[in-house]
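Those sequence lines, one after another, are chains G and A.
In terms of my numbering, the first sequence opens at residue 1 and continues consecutively.
In terms of my numbering, the second sequence opens at residue 1001 and continues consecutively.
Idealized CB from N, CA, C, for every residue including glycine.
Note that this is a predicted model, so its numbers are computed, not measured.
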Amino acid sequence: MMKYKSFINMMLLVFILTGYGCEKYVSYVDPPAFEKKLVITSFISPSDTVSNIYVTSNQPLYFFNEQIEEPGYVTGSISDGTREILLDTTSSGLSFRSDQMPVISGKTYTLKVWGSKGLYAEATTTIPKQHEMAINVDTNIVIQEVPGYEPDIQLRIITEFTDIPDEKNYYSIAGRFTLFKTIDGSETVIHEGVVWFEKTYITDMDADSDNKIKLETWISDSYKYILQNYDSAFLNIYLMNTEEAYYLYHTSIYENDNSDNPFSEVKPVYSNINGGLGVFTSYTIDSLVYRIK
Amino acid sequence: MKFAISLSFILFLIYNQVSSQTPDRSTVSGYVKEAGSGETLIGVNIYLPDHQTGTVTNNYGFYSITLSSADSVRIVYSYVGFTPETVTLDLRKNIELNIDLRSGVSLDEVTVTADQTEKLSESARMSSIKVPVSQIKNVATLLGEKDVMKVLQLMPGIQKGSEGSSGLYVRGGGPDQNLIILDDAIVYNVSHLFGFFSLFNGDALKSIELTKGGFPARYGGRLSSVLEMNMKEGNKEEWHGEGGIGLISSRMTLEGPVLKNKSSLLISGRRTYADFILRPVMKVMEDMEGTDAGYYFYDLNAKINYDFGRNNKLYLSGYFGKDKFFIKYKEPEQKYNEKAGLQWGNATGTLRWNHLFNSKLFSNTSLVFSDYKFGVTYKYTDNDAGENYLVEYYSGIRDLSLKYDIDYIPAPSHWIKAGGIIISHRFTPHVFIEVDESLDINRRQKNPTNGLESGLYIEDTWQPLQNIKINGGIRFSHFLAQKEQYHFFEPRLSAALRLRNDFALKASYASMNQYIHMISMTGISLPTDLWVPTTDRVRPQQSRQVALGAVKDISVPEMSFSIEGYYKTMNNVLGYKEGATFLDFDEGNPLEQEISWEDNVTSGKAWSYGLEFLVHKKAGRFSGWIGYTLSWTQMRFDSLNSGRKFYAKYDRRHDISLVGTFRLNDHITLSGTWVYGTGNAVTMPTSVYSAPRHPDIYIDGYDILKYNRSFYTVKDYSEKNNYRMAPYHRLDLGIQFHKEKKWGERTWEISIYNVYNRKNPFFYELRYVSNGSRSSTFLQQFSLFPIIPSFSYSFKF
């Protein structure tokens, strides 16, 4: 009987302790320390008459978002290795004109930015060489059967260009289509839309054995609709030869967006700004206008 | 080939030199076994007090000592947990002497004297830990489940990954850098229940030894540690059993003679019954109608052996274990069924042949099979249409190896070991199967890879002077990938200099190479960790480690004090690239994408250095240890963290373990453990900022203040592993009540895990809180195990 009572007492003790342990096991902890930094974003090119440098600062993540704290009054300079100029102040940061400091392919430029609250950052970029990339566009019409409806007509566009041989290359491509319609002989209606390519940021790893890179895209509006409602349609293709920093920055933004996936490694956004965040990079551009209708 | 010829020539010279010795030397050799069971004992100390020399038994209980012939030689055989045996014999000719030691520990500490157990100061080895199996059974653990890995994690220099994890992080190395061997078979995934328990059943084990530095040349293939475990052989004299019933699992071991004193058998099994408890509960829960879910794991160890006589013994052993998590759903109107499951398991088999050429030359030949596989499955059945949809994903590794080792003991001052191993690996990092009967899809993608790994070694433990012992050796390792071949010489050296009685300085150097890698997504031992080979693109991992230490042994009470510093560099360590995901299926059909793990990984360097203190009392009424480690582990990858150095996730500045067991009397044993560790380093965002994209800016004009600009709000992580989790500390207490019964012995154990209910961090999560127009982000810590009492019942007969 004594042994039985001891056993019951033991079990009671176990269940009491188990009940005490079963509480919600979540607590808030001190977050990582916040360090204020300048965020500089700038893409310069010989084709721009005005080059902008977007300057802001990072914001604390772990506090209520009551007010965005700006970096204060910012000043900056840019140098091409032989001379240095001060930058003009704009509402979004800084800028300079091509007559103040021409942006030339092959040259390296150093950007320095100061914030009035003691922040400082700097970065360099080397302008890619301007190349003729022989952009070629081909189109074909695709008829899409839609059960219960009339077939739809879509325009498939293949853009091809030649990779620059014997060097590591990074490219970016963008497109816009513009539709025109004249009403009553005077009024012109214009409709614009963005063209999305299967890949926006490309490297020469995407080239085939003939050094050609091909990208497919579609006009977002139905081609049948364009044919029926507009008088003319144009496609503008912009092909940029960029630095590696340009490519790494943009691809990392997309992957940073996936960082909440528990089975994904964290992907920080690329930055080449010393002492800050963001990117200072450059590109040269080639373009093509293609008449669809 | 050249190395093999050189090795054979060296062995021939040594054999000739010793064989040509004058005939006034005699050898005493034999086996040391446990009285009453016939179980051979590993590492028994054999000491000749009149000659100030000695030896130990090898992994098969064999010993050999060659001395000048004498008419009276006194030999003391001693082993922790056993009564020492002293023999005086006439050694004027070779003698075969087998010894049976009786188990039993006196509570009176004075019966255990300094020269009767192996002292750390006398061994040339350093950085190695031998854990008596009995000590594992006394340490209080989570839910009362006795676990080899959990006890090893309490030793200095050895850490666990996260709360509850059974992974080992040894001197800054990752969990794949540990060679875990059970009866010569490599075990790849040592975890049950997602890392909360290991798959080693202590009832089936005879010896456990972990080496974390100063590796002898016989060990190779991993950078950071070798955990060598041997299964018991089984009682050769009579049938015995032991088992236990706990809250999570139950176990049973049976051992006994097949032919008395010739052959024995051991079978040991363990199974959890979480599924038996969970399933009826789920059936009565609301919202779970039609759902059946469960989880279980099991282990099975088996071993049979046969003595053909003194010169030949044969052993066959195997391990089989599996974890399975499943969930099934039957739609109430029977329109469709769904089944999903996650399972993983190991199977190993070892056939070993011991052969004694003569009293000085012993050999072992092992043929080993090892298989590890994990899989994820999902099946959907449309009962109306009679069609199935099935997705399966598997990953695994299968080995077949042949190993040959010799022990040649020509004199007390030399113990030569030599041998070789060849392993044929077959890796299947990714196997993907998709069957969709409604769309007539049947796809299989399997990319197996083979690799051939081999090694040759020779080492000698040499005692040139009374107070100096050196273990020196060299290993040649080779790996054949698809086209590339890799080979390296790995010099090894460790030495002990005894300055005074029971005080020694030690030093070691080891060069190691590793041809098998585990790519780990998280710190928890999830079965999603992939085992992959060295390839033409992925080079072998390499390490160099130096260690310096001092050891002091004390006779009464029997204790040892050791302090050891180490510095280890590692090259070609692997890590996932930033942004890489497990099951890296890009947009579109995954089978149209080339799933290559090589594209997801990057290699870099690592540095680890630190200081380890250990005070260890091995015997007596009170036993236990205090361990403290001060260490740093850093890494650098060109493509991670912008090429800057960062702390490894498992970098732990301070690690403290206090472990004690006190035998109050013959019936009650108390145990307690307190651990402290600096928190793991994890990557946490520190701020947010706007990140505009360029083409949109260009198209809309370069003035980004236009309303249709496009930019992202992104998180800044500043540095990789920039944030320290809260420190981990915990107290466990246990009490055991032993009682002798007519049929054997029973033990009731009550233990409490995490006595003061510390909320140790398990993982962190960002939590977004919105309050009207205001919103904020908080960092939440999730803890796993609160105070957990448990009880268990174990028995022996």
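Checklist entry - Around the Cβ of residue 1787 of chain A, are there at least 16 other Cβ atoms within 10 angstroms (buried) or fewer (exposed)? => result Within the second sequence, residue 1787 of chain A is the residue found at index 787, counting from 1. With 16 or more Cβ atoms within 10 Å of its Cβ, residue 1787 of chain A is classed as buried.
Item to check | chain G contacts from the stretch 1621-1634 of chain A (Cβ-Cβ distance under 9 Å) | outcome: Those would be none; no residue qualifies.
Checklist entry - Relative to the alpha-carbon of residue 33 of chain G, which residue among A:1779, A:1257, A:1795, A:1793 has its alpha-carbon at the smallest distance? => result Working through the first sequence from its first residue, we reach residue 33 of chain G at position 33. Considering only alpha carbons, the answer is A:1779.
Checklist entry - Checking contacts by CB at 7 Å: is residue 1638 of chain A closer than that to chain G? => result On the second sequence, residue 1638 of chain A is found 638 positions in, with the first residue counted as 1. For residue 1638 of chain A, the answer is no, since every Cβ of chain G falls outside 7 Å of its Cβ.
Checklist entry - Rounded to the nearest angstrom, how far is the Cβ of residue 37 of chain G from that of residue 111 of chain G, given a contact under 8 Å? => result On the first sequence, residue 37 of chain G is found 37 positions in, with the first residue counted as 1. On the first sequence, residue 111 of chain G is found 111 positions in, with the first residue counted as 1. Their Cβ separation, rounded to whole angstroms, is 15 Å, which puts residue 37 of chain G and residue 111 of chain G out of contact at 8 Å.
Checklist entry - Would you report the Cα separation of residue 1078 of chain A and residue 1043 of chain A, rounded to the nearest angstrom? => result Here residue 1078 of chain A refers to the residue found at position 78 when the second sequence is read from its first residue. Here residue 1043 of chain A refers to the residue found at position 43 when the second sequence is read from its first residue. Using only the alpha carbons, I get a separation of about 9 Å.
Checklist entry - Which residue's Cα is closest to the Cα of residue 1605 of chain A: A:1071, A:1623, A:1612, A:1571? => result The count along the second sequence starts at 1 and reaches residue 1605 of chain A at position 605. Measuring from the Cα of residue 1605 of chain A, the nearest candidate turns out to be A:1571.
Next on the checklist: Between residue 1503 of chain A and residue 1121 of chain A, how many whole angstroms is the CB-CB distance? I'm expecting something under 8 Å.
Outcome noted: Counting from 1 along the second sequence, the entry for residue 1503 of chain A is found at position 503. Counting from 1 along the second sequence, the entry for residue 1121 of chain A is found at position 121. Residue 1503 of chain A to residue 1121 of chain A, Cβ: 6 Å. Contact.
Checklist entry - At which residue ranges does the stretch 1652-1688 of chain A contain complete beta strand (DSSP E) runs of 3 or more residues, listed in the order of the chain? => result 1654-1663, 1668-1677
Checklist entry - Which same chain residues, not among the five before or five after residue 1183 of chain A, have their C-beta less than 7 Å away from its C-beta? => result The residue labelled residue 1183 of chain A in the question sits at position 183 within the second sequence. Contacts found: 1230, 1231, 1317, 1350.
Checklist entry - Are the stretch 1130-1138 of chain A and the stretch 1495-1515 of chain A in contact at 8 Å, needing three or more beta carbon pairs? => result no
Checklist entry - For residue 974 of chain A, which option in A:1667, A:1598, A:1561, A:1636 has the closest C-alpha, if you only look at C-alpha atoms? => result Here chain A comprises residues numbered 1001 to 1797, so residue 974 of chain A is not present and cannot be evaluated.
Checklist entry - Can a CB atom of chain G be found closer than 7 Å to the CB of residue 1780 of chain A? => result Position 780 of the second sequence holds residue 1780 of chain A. At least one chain G Cβ lies under 7 Å of residue 1780 of chain A.
Checklist entry - Does residue 1250 of chain A have its Cβ less than 7 Å from a Cβ in chain C? => result Structure shown: chain C not included; protein chains present are G and A.
Next on the checklist: Just to make sure I have the definition right: I need the residues of chain A whose C-beta is within less than 9 Å of the C-beta of residue 191 of chain G. Which are they?
Outcome noted: In the first sequence, residue 191 of chain G corresponds to position 191, counting from 1. Those do not exist, as residue 191 of chain G stays about 15 Å from chain A at its closest Cβ, beyond 9 Å.
Checklist entry - Does the Cβ of residue 22 of chain G have 16 or more other Cβ atoms within 10 Å, making it buried, or fewer, making it exposed? => result Within the first sequence, numbered from 1, the residue matching residue 22 of chain G stands at position 22. The predicted position of residue 22 of chain G is uncertain, since its pLDDT is 44 and thus under 50; no value can be drawn from it.
Item to check | Close Cβ partners of residue 1334 of chain A (< 8 Å) along its chain, the five nearest in sequence each way excluded | outcome: Numbered from 1 along the second sequence, position 334 holds the residue referred to as residue 1334 of chain A. Answer for residue 1334 of chain A: 1383, listed in chain order.
Next on the checklist: According to DSSP, residue 1313 of chain A sits in a beta bridge with which residue or residues?
Outcome noted: Locating residue 1313 of chain A in the second sequence gives position 313, where the first residue counts as 1. Partner(s): A:1307, A:1354.
Checklist entry - Do residue 1379 of chain A and residue 1390 of chain A have their C-beta atoms closer together than 7 Å? => result The residue given as residue 1379 of chain A occupies position 379 in the second sequence. The residue given as residue 1390 of chain A occupies position 390 in the second sequence. It is a contact, given that the beta carbons lie within the stated cut-off.
Item to check | Candidates G:199, G:169, G:179, G:52: closest to residue 40 of chain G by CA position | outcome: Within the first sequence, numbered from 1, the residue matching residue 40 of chain G stands at position 40. It is G:52 whose Cα lies nearest to the Cα of residue 40 of chain G.
Next on the checklist: On a Cα-Cα basis, can you pick out the residue from A:1404, A:1263, A:1548 that is closest to residue 995 of chain A?
Outcome noted: Because chain A in this structure spans residues 1001 to 1797, residue 995 of chain A falls outside the shown range and cannot be described.
Checklist entry - Which class does residue 1054 of chain A belong to by DSSP, given the choice of helix, strand or coil? => result One-based indexing of the second sequence puts residue 1054 of chain A at position 54. Correct three-state label for residue 1054 of chain A: strand.
Checklist entry - Using the beta-carbon of each residue, which ones in chain G are nearer than 8 Å to residue 1726 of chain A? => result Here residue 1726 of chain A is taken as the residue at index 726 of the second sequence, counted from 1. Close to residue 1726 of chain A, with beta-carbon spacing below 8 Å, are these residues of chain G in chain order: 29.
Item to check | residue 60 of chain G - partner residues in DSSP beta bridges | outcome: Taking the first residue of the first sequence as position 1, residue 60 of chain G is located at position 60. DSSP, once it has assigned bridges, lists A:1687 as partnering residue 60 of chain G.
Checklist entry - Can you tell me whether residue 1574 of chain A is buried or exposed, with buried defined as 16 or more other CB within 10 angstroms of its CB? => result Residue mapping note: residue 1574 of chain A aligns to position 574 of the second sequence, counting from 1. By the 10 Å Cβ count, residue 1574 of chain A comes out buried.
Next on the checklist: So for residue 1473 of chain A, helix, strand or coil by DSSP?
Outcome noted: Indexing the second sequence from 1 puts residue 1473 of chain A at position 473. Strand.
Item to check | Contact belief for residue 1790 of chain A with residue 1143 of chain A at Cβ below 8 Å, rounded distance in angstroms | outcome: Here the question's residue 1790 of chain A lines up with position 790 in the second sequence. Here the question's residue 1143 of chain A lines up with position 143 in the second sequence. 5 Å between Cβ atoms; contact.
Item to check | Span of the alpha helix (DSSP H) around residue 1149 of chain A | outcome: Residue numbering aside, residue 1149 of chain A sits at position 149 when the second sequence is read from its first letter. First-last of the alpha helix (DSSP H) with residue 1149 of chain A: 1148-1152.
Item to check | chain G residues whose Cβ lies nearer than 9 Å to that of residue 1669 of chain A | outcome: Working through the second sequence from its first residue, we reach residue 1669 of chain A at position 669. By Cβ distance, chain G contributes nothing, its closest Cβ being about 17 Å from residue 1669 of chain A, past 9 Å.
Next on the checklist: Can you tell me which residues form a DSSP beta bridge with residue 133 of chain G?
Outcome noted: Walking along the first sequence from the start, residue 133 of chain G turns up at place 133. In DSSP, residue 133 of chain G forms no bridge with anything.
Item to check | Through-space distance from residue 1597 of chain A to residue 1519 of chain A, alpha-carbon basis | outcome: On the second sequence, position 519 is the one that residue 1519 of chain A refers to. On the second sequence, position 597 is the one that residue 1597 of chain A refers to. When rounded, the distance between both Cα atoms is 9 Å.
Checklist entry - What residue range is occupied by the uninterrupted alpha helix (DSSP H) comprising residue 244 of chain G? => result In the first sequence, counting from the first residue as 1, residue 244 of chain G sits at position 244. 244-256 is the span of the alpha helix (DSSP H), which, as asked, contains residue 244 of chain G.
Item to check | Segment contact, 8 Å Cβ cut-off, at least three pairs: the stretch 1446-1461 of chain A with the stretch 1474-1481 of chain A | outcome: yes
Item to check | Coil, strand or helix - residue 144 of chain G by DSSP | outcome: Here residue 144 of chain G refers to the residue found at position 144 when the first sequence is read from its first residue. Of the three classes helix, strand and coil, the one that applies to residue 144 of chain G here is strand, per DSSP.
Next on the checklist: Give me the chain G residues within the contact set of residue 1684 of chain A, using Cβ-Cβ distance strictly less than 8 Å, ordered along the chain.
Outcome noted: The residue labelled residue 1684 of chain A in the question sits at position 684 within the second sequence. Neighbours of residue 1684 of chain A on chain G, chain order: 31, 32.
Checklist entry - Taking Cβ positions only, does residue 234 of chain G come closer than 7 Å to chain A? => result Taking the first sequence and counting its residues from 1, the one referred to as residue 234 of chain G is at position 234. No - not a single Cβ of chain A is within 7 Å of the one on residue 234 of chain G.
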